[in-house]
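Everything on this sheet refers to the single structure shown next.
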Amino acid sequence: MTVPRWRFALVLVLLCALVLLLLWHVALLQVVPGKDRGFEFLQGQGNARTVRIEGLAAHRGVITDRNGEPLAVSTPLQTLWLNPQEWSGSVADLQALAGQLGVERDSLANKIAQYASREFMYLKRNMAPDQAQQILAQRLPGVYGRREYQRFYPAGEVAAHVVGFTNIDDKGQEGLELAFDEWLQGQAGSKRLIKDLKGHVIKDAGLVQAPKPGQDIRLSIDLRMQYVAHRELKRAVAEHSAAAGSVVLLDVKTGEVLAMANQPAYNPNDRARIRVASLRNRAITDQFEPGSTMKPLTVMAALETGRYRPGTVIDTSPGYIHIDNKTLLDPINYGKIDLTKVITKSSQVGISKLALDLELDTIRDIYFRMGLGQGTAIGFPGERIGVLPNKSRWTRIERANFAFGYGMSVTPLQLAQAYAVIANHGMRKPVSLLRHDEPVPGERVVSARVSRQIIDMLKTVVLPGGTGKQAQIASYPVAGKTGTAHKVTAEGYADDQYISIFAGMAPAEAPRVVAVVVVDDPKSGKYYGGEVAAPVFSRVAESALRLMNVPPQISVAAATGRPWT
């Protein structure tokens, strides 16, 4: 049978038309950017089902000591999470997963049920990468992993109060980790992944934004000196059954904090055993009445008037003085003694008579110029500024008490800064927990002549006959002052609770370091600053000077009993 040509031609045209129509439809899908059904729409729908954006944690900055020794570093770990809506594992899968996570199967099942309406729940955070990979390799439905970082502190409790710690989300919670959190944490990044419908990664499609690591911080702390300060303070607190204690070590020339230790301490690597009472950095946050460590500052105020000299005689007879129905006593009647011996013997009577002879605000003014009653601008969370009264009228007993450190309060760091002014011959420099690469300018607050006179007086305190002879160092001359203050309780001053203090500098002729030691409520039967705090100063300061390569000096005092010359 012969097919008519027109039919053949019609079929051929229709077939060609279908091919052209198909090509046109494909072109619409692949080339023409239509909103409703074009290739952009289809690509968007495909990407919505397969392309995922995953966050990349930023590496937190490293905290080091002044010599580059790490004090806080971040370790990469894996966190496992689950999309409960994708979970379809069998009972055996659930049992295996629970066993690898170290939890009960029923507990895990209940948790998945609770999160059934959500798309995210943590399985376990901060796992060792190899352990997490073993679970991920099983390709259980809905189980995913992501990299996170956990902070590790190589020095443990030795530097804990200064460095602080972060929480499980790597956010600063205490110490410099909190103070410089924005600086340290950096900026998170992201990457694009192609996954199948079961959530398995098919391809890493590259970075969207690279994570920006946090900035590193180099502290002024010298870890070697920090170890010594921590060890000696811990030994003293245990030996004297004390409630707490602090040590601050400053570089005289720069104002940098070389060591800052507190007791009780805590291990930031073991959060489960941390006690809240151990967290605070007592050297910066705790206030106390400084007692007799203020007497050199009172004498400094007297010397500045020009009416007094180190050899000016004060009659302390008969060994006590009545002021406003209060009696202030010396251990014995020292009789007529010069101003230097008032410091050597820490005479309460002598300093009280001196205070009553000075103008009303003279003593407060010198305290303020030395940095008391104001912040140190060290930038540490929770820093206290102490209490420095400013009254229009003072009673006579208030003036006397104020002259030897009662009726006011300071922190150990403030006291160290004040003695650093003396050691630096009247130049006050800001204290810092960050290392200075360039010299920091200071402010002259006291004349160099008066400061040197005070240093000469403080040398006698550590000699035989002085109150702080246990602070002496065999190889270096020392200048310093003891302090023993009654603690303040809700009922007033306690008769059986004390703060033991020593503040000093070495080598006395050209001081390089200043150290303050505070021991809170010793219960061993010894409580004087010269018995409890002074030995700690001796060991800490000597180690620091040796580590700073300061040449030993011949002990004239040890050989002759005379002051260092």
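Just so you know, we're using the numbering used here here: the sequence shown kicks off at 6 and counts up by one. Cβ coordinates follow ideal geometry from the N, Cα and C atoms, glycine included. Every value quoted in this text rests on a predicted model; they were computed, and no experiment measured them.
List the endpoints of the continuous alpha helix (DSSP H) containing residue i.
i, result
"residue 178", "No alpha helix (DSSP H) holds residue 178; DSSP gives it neither H nor E."
"residue 550", "539 to 552"
"residue 341", "First-last for residue 341: 341 to 343, but that is the beta strand (DSSP E), not the alpha helix (DSSP H)."
"residue 167", "165 to 168"
"residue 424", "417 to 428"
"residue 99", "96 to 106"
"residue 114", "110 to 119"
"residue 360", "353 to 362"
"residue 370", "367 to 374"
"residue 456", "453 to 464"
What are the start and end residues of the beta strand (DSSP E) that includes residue i?
i, result
"residue 81", "75 to 87"
"residue 156", "148 to 157"
"residue 325", "325 to 328"
"residue 332", "331 to 334"
"residue 526", "Element bounds for residue 526: n/a, residue is neither H nor E."
"residue 320", "318 to 320"
Round the Cβ separation of residue i and residue j to the nearest angstrom and send it over; I've been treating them as touching at under 8 angstroms.
i, j, result
"residue 549", "residue 238", "Wrong, their Cβ atoms sit about 14 angstroms apart, outside the cutoff."
"residue 241", "residue 521", "Residue 241 to residue 521, Cβ: 14 angstroms. No contact."
"residue 414", "residue 391", "5 angstroms"
"residue 104", "residue 146", "With a Cβ gap of about 18 angstroms, residue 104 and residue 146 do not count as contacting."
"residue 84", "residue 127", "7 angstroms"
"residue 527", "residue 245", "4 angstroms"
"residue 180", "residue 163", "That belief does not hold up - the Cβ atoms of residue 180 and residue 163 are roughly 13 angstroms apart, past 8 angstroms."
"residue 324", "residue 354", "7 angstroms"
"residue 435", "residue 426", "With 8 angstroms as the limit, residue 435 and residue 426 do not qualify as a contact, their Cβ atoms being about 11 angstroms apart."
"residue 511", "residue 478", "6 angstroms"
"residue 388", "residue 259", "Not confirmed; about 20 angstroms, so no contact."
Short of 8 angstroms in beta carbon distance, which residues of its chain neighbour residue i, apart from the five on each side in sequence? Order them along the chain.
i, result
"residue 296", "409, 410, 411, 488, 489, 490, 504, 506, 534"
"residue 452", "309, 431"
"residue 219", "63, 64, 65, 66, 188, 189, 190, 191"
"residue 300", "347, 348, 351, 356, 408, 409, 410, 486"
"residue 465", "345, 346, 348, 349, 471, 568"
"residue 553", "517, 518"
"residue 165", "158, 180, 270, 271, 272, 273"
"residue 457", "430"
"residue 493", "294, 499"
"residue 449", "431, 432, 433"
"residue 342", "318, 319, 321, 350, 352, 355"
Based on DSSP bridge pairs, tell me the residues matched to residue i.
i, result
"residue 217", "192"
"residue 313", "The partner list for residue 313 (beta bridge, DSSP) is empty, contrary to what the question assumes."
"residue 503", "491"
"residue 268", "250"
"residue 225", "Note: residue 225 sits in no beta bridge, so no partner."
"residue 498", "493"
"residue 294", "For residue 294, which the question treats as bridged, DSSP gives no partner whatsoever."
"residue 402", "DSSP, once it has assigned bridges, lists no residue as partnering residue 402."
"residue 508", "486, 521"
"residue 132", "83"
"residue 68", "77, 222"
"residue 472", "The partner list for residue 472 (beta bridge, DSSP) is empty, contrary to what the question assumes."
If you drop the 5 nearest sequence neighbours on each side, which residues of the same chain put their C-beta closer than 7 angstroms to that of residue i?
i, result
"residue 402", "328, 329, 331"
"residue 268", "238, 239, 242, 249, 250"
"residue 313", "307, 344"
"residue 404", "360, 361"
"residue 171", "156, 177, 178, 182"
"residue 17", "none"
"residue 115", "none"
"residue 232", "163"
"residue 125", "86, 88"
"residue 532", "489, 503, 505"
"residue 394", "412, 413"
Which same chain residues, not among the five before or five after residue i, have their C-beta less than 6 angstroms away from its C-beta?
i, result
"residue 10", "none"
"residue 421", "253, 255, 519, 521"
"residue 223", "69, 440"
"residue 121", "89"
"residue 565", "No answer about residue 565 holds up, because its pLDDT of 42 lies below 50 and its placement is not dependable."
"residue 557", "480"
"residue 150", "83, 85, 137, 141"
"residue 158", "77, 273, 274"
"residue 265", "167, 253, 288"
"residue 326", "333, 354, 357"
"residue 563", "At residue 563 the pLDDT is 47, less than 50, meaning the model places this residue with poor confidence; the figure from the coordinates comes in the next sentence. Nothing meets the Cβ criterion."
Shorter than 8 angstroms from the beta carbon of residue i to some beta carbon of chain D?
i, result
"residue 121", "Absent here is chain D; the protein component of the structure consists of one chain."
Exercise. Just checking, does the region 492 to 501 make contact with the region 361 to 379 on the three C-beta pairs under 8 angstroms criterion?
Worked result: Under the 8 angstroms Cβ criterion, the region 492 to 501 does not count as touching the region 361 to 379, having fewer than three qualifying pairs.
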